[in-house]
Amino acid sequence: MPTSKDELQQLKRRVARSRGLVGIPSDSDLLGRLPPAFREELVDLLRVKPARTASGVAVVTVMTAPHACPHGVCTFCPGGPRIGTPQSYLGTEPAARRASAHSYDPGAQTVARLRSLQEIGHPTDKVDLIVLGGTFTSLDRGYQESFVKGCLDAMNGFVSDSIVAAQAANETAAARCIGLTIETKPDCFLGSEVDACLALGTTRVELGIQSTHDDVLEAVHRGHTDSQSRAAMGRAKAAGLKVGAHMMPGLPGSDCDRDFDSFRTLFDDPDYRPDFLKIYPTLVLPGTALYGLWKSGRFTPLTTEEAVDLIARVKAIVPRWCRIQRVQREIGAPEIQDGPKRGDLRLLARERLRASGLRCVCVRCREVGFRGIQPRPEALTLLRSNYESSGGHEVFLSFEDPELDVLVAYARLRIDSTSATVRELKVFGPMVRIHEAAHDRWQHRGFGRRLMRECERLAQEGFDARAIRVTAGVGVRGYYRNLGYELRAPYMVKQL
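All letters in the sequence shown, in the order written, are residues 8 to 503 by this note's numbering.
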């Protein structure tokens with residue numbers, strides 16, 4: 008039996024040659040044809056695109072039906088109802104194509120994505136559900152609820168009478184929703200939208216910040232201000248949500264220095280300090296107002312070289328508690344009229360940084376699934392970082408191999424005037440299926456429990472909290488029940 012990819016490839020070549028096959032069977036072909044017993048034994052070798060579950064979860068991305076943003080259209084924004092695509096999407100992106108193929112039906116999208124992951128060897132027990140498609144919180148509340156319920160029903164395998172029933176059923180489903188992400192604009196996340204999202208089971212919100220400079224936001228008709236961005240960040244964290252920022256360097260009215268200033272503000276100013284970050288350099292796309300400015304010579308985007316240099320500078324100052332989630336949008340180079348067309352900007356920036364003797368220390372660059380170095384179990388140490396953010400005190404607890412700088416697990420504990428909240432608990436490495444033993448992987452080794460015990464101890468002894476709450480995905484409520492928590496929707500709560 009082969010024990011490595013190389014041995015597997017050699018075996019496939021020998022068999023193909025001996026049987027007179029025209030080509031060598033792909034790994035996905037074998038996965039689909041192997042008997043169950045052999046499939047279980049070989050799935051780790053045959054798995055296609057292992058990065059899909061390298062962070063310990065199976066990401067399922069779905070899109071809402073095309074709808075307009077309430078403020079109008081940003082200068083740089085492609086797509087929208089006028090051309091039959093979700094706002095800010097061309098319709099050619101992988102997730103947009105899948106959504107369109109299934110008529111934007113949430114259940115059909117979810118089933119299709121789960122099936123495609125399973126077909127290439129990925130377990131789908133722990134689903135990180137990401138809802139894209141524009142300003143989610145501007146949609147009719149009934150549509151929001153029916154959309155999320157449709158996704159949960161698909162994971163559960165049957166249709167429930169209500170979203171509350173669907174959430175309850177998902178606690179023991181084969182595919183459990185461990186997290187729910189929505190994206191929106193800061194001005195649409197300042198009021199009742201926050202509680203409405205929590206009721207849906209939302210655990211993470213992505214805010215389209217784009218810039219911290221009001222004149223830049225006004226120039227691109229963004230429809231919100233820097234003060235609204237700060238307020239939305241605060242509302243999200245106070246509610247116990249994980250919060251990310253979308254940033255768009257290279258907008259009209261900005262330059263590399265002003266863009267770098269925006270990122271520095273994001274990391275240094277307590278009103279911001281997001282948990283994660285997506286960097287989308289401005290692209291000139293057809294059908295946008297920006298295309299007209301560019302065509303008439305009134306706008307020049309960043310070059311690839313400028314973008315790489317800026318991203319490298321950002322990676323050099325990113326805090327250890329922040330994760331750079333994505334760099335560059337999934338848009339094909341032929342559709343980009345001008346701007347950075349390379350899809351590997353992150354890699355180029357990393358190489359630029361390495362040439363300067365530096366290395367990015369963001370969460371993603373250190374996590375065990377992507378670091379490329381196995382930590383030493385005996386060297387794993389519980390570390391603590393403290394910082395102020397949006398009117399509260401944040402504690403970032405992590406299990407790391409300090410010498411190798413490899414991150415295995417972490418928790419985000421927030422203390423404010425009214426509550427102690429675990430906003431996130433995460434264990435990295437390839438996903439281990441629910442109820443399975445860890446074997447040589449990092450999940451299911453007790454790191455989550457140890458982090459939760461430390462959060463409880465700190466909340467009680469360090470901050471005199473009488474209770475602690477967790478913003479938990481509906482599919483992991485059972486995990487917290489086993490730790491002594493009870494459901495007080497939308498949180499799991501434990502008295503200390």
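A virtual CB, placed ideally from N, CA and C, is assigned to each residue, including glycine. Treat the numbers as computed from the prediction; the structure is a model and nothing was measured.
Its chain contains S392, F403 as the residues whose beta carbon lies nearer than 6 Å to that of W328, once the 5 sequence neighbours on both sides are disregarded; these appear in chain order.
Beta-bridge partners assigned by DSSP to A203: none are found.
Taking each of A362, D345, P193, P326 in turn and checking the Cα distance to V370, the smallest one comes out for P326. Just measuring C-alpha positions, the residue of G149, H129, D147, L159 sitting nearest I137 is L159. Check the Cα spacing between G114 and each of C81, T92, L97, T71: the tightest is with T71. In terms of CA proximity to L365, A323 leads the group R336, A323, I380. Here DSSP, grouped into helix, strand and coil, assigns G453 to coil. Here the alpha carbons of T289 and G251 stand approximately 18 Å from one another. A straight line joining the alpha-carbon of T131 with that of V375 spans about 20 Å. Per DSSP, the continuous alpha helix (DSSP H) segment holding Q235 begins and ends at 233 to 245. Excluding residues up to 5 positions away in sequence, P85 lie with their Cβ nearer than 6 Å to the Cβ of G294 in the same chain. Within its own chain, the residues whose Cβ lies closer than 6 Å to the Cβ of F283, once the five positions on either side in sequence are excluded, are G251, R330, Q332, listed in chain order. Out of C76, V315, E385, D275, the CA that lies nearest to the CA of E358 is found in V315. CA-CA distance, T99 to L146, rounds to 23 Å.
Considered as a whole, the region 250 to 287 harbours 263 to 275 as its complete alpha helix (DSSP H) runs of no fewer than 4 residues, in chain order.
When rounded, the separation of the alpha-carbon atoms in I90 and C462 is 49 Å.
For N177, the three-state secondary structure derived from DSSP is helix. Judged by pairs of C-beta atoms under 8 Å, the region 152 to 172 does not touch the region 92 to 108, as fewer than three such pairs exist. Taking a C-beta distance under 8 Å as the contact criterion, Q335 and L317 do not qualify as a contact pair. Put simply, the backbone Cα of P409 is about 25 Å away from that of K249. In terms of Cα proximity to H74, the closest of A239, R457, T92 is T92. For I170, the secondary structure class from DSSP, reduced to helix, strand or coil, is helix.
It is roughly 43 Å from the alpha-carbon of F377 to the alpha-carbon of S303. By DSSP's assignment, Y417 forms a beta bridge with S405, K433. Within the same chain, Cβ atoms closer than 6 Å to the Cβ of G140 are found at M70, T71, P93, the five residues on either side in sequence being excluded. The criterion of a C-beta distance shorter than 8 Å is satisfied by V415 and V434.
Checking the DSSP bridge columns, you'll see H400 partnered with E395, I422. Going by DSSP, R357 is part of the alpha helix (DSSP H) stretching over 352 to 362.
Secondary structure at G186: strand, using DSSP grouped into helix, strand and coil. If you draw a straight line from the Cα of A496 to the Cα of P308, it is about 46 Å long.
Cβ neighbours of D447 within its own chain (closer than 8 Å, five residues either side excluded): none. Here the alpha carbon of E190 sits roughly 23 Å from the alpha carbon of S169.
Q344: not part of any beta strand (DSSP E); DSSP gives it neither H nor E.
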